[in-house]
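Peer 1: This structure is in structure tokens; I'll ask about it shortly.
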């Protein structure tokens, strides 16, 4: 639970200090996809995982979680998917490659260059979420999770924000 850093205000000459418990008792992980289809509103499909440091609890996402996210996106979008993915290690595992090969009839994958977060519209989404919770002084992990879910839901219902994340990359969609 390392608190995010953000600017805030305070009285002149007095530095504002927010005390947090630094126990490091967990983390909130997010995985998501920004979905674009010509003539339709942009969509954000995501999943959140909370890690509390318990035994046998996964810290983050595995390749099966990404696979399930892709399958969920296909069922929600109702058609073939062209996936443009980053270079996260989990995207490159053998299990993920086998899944992609087995579903080549509806899943086409393109890889972003090695280090190109500026070309990934999902990075813009994460930036919006982090900006919103920057001044949150959470008492526990569940409060952070609620704030993240609230912000992601707000972005989901504002497709223009998702479109703006694509526009920020400089990439365009052809009809």
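Residue numbers (our numbering): -1 to 173. Glycine included, every Cβ here is placed at the ideal spot set by N, Cα and C.
Ends of the alpha helix (DSSP H) at residue 162?
Peer 2: Unbroken alpha helix (DSSP H) run through residue 162: 157 to 167.
Peer 1: Within 10 angstroms of the Cβ of residue 111, are there 16 or more other Cβ atoms? Answer buried if so, exposed if not.
Peer 2: Residue 111 is exposed by the Cβ-count criterion.
Peer 1: With H, G and I counted as helix, E and B as strand and the rest as coil, what does DSSP make of residue 206?
Peer 2: Residue 206 lies beyond the range of the chain shown here (-1 to 173); nothing can be said about it.
Peer 1: Based on the DSSP output, what are the partners of residue 108 in its beta bridges?
Peer 2: DSSP output for residue 108 lists 82 as bridge partner(s).
Peer 1: Can you tell me where the alpha helix (DSSP H) holding residue 120 begins and where it ends?
Peer 2: Residues 119 to 130.
Peer 1: Should residue 113 be labelled buried (16 or more other beta-carbon atoms within 10 Å of its own) or exposed?
Peer 2: Exposed, since its Cβ has fewer than 16 Cβ neighbours within 10 Å.
Peer 1: Is the segment 85 to 95 touching the segment 116 to 123, taking contact as three or more C-beta pairs under 8 Å?
Peer 2: No contact exists between the segment 85 to 95 and the segment 116 to 123.
Peer 1: If you measure between the beta carbons of residue 71 and residue 31, is that distance less than 9 Å?
Peer 2: Yes.
Peer 1: For the alpha helix (DSSP H) that contains residue 93, what are its first and last residues?
Peer 2: Start and end: 92 to 100.
Peer 1: My output table needs one value for residue 29: the three-state DSSP class, helix, strand or coil.
Peer 2: Residue 29 falls in the strand class under three-state DSSP.
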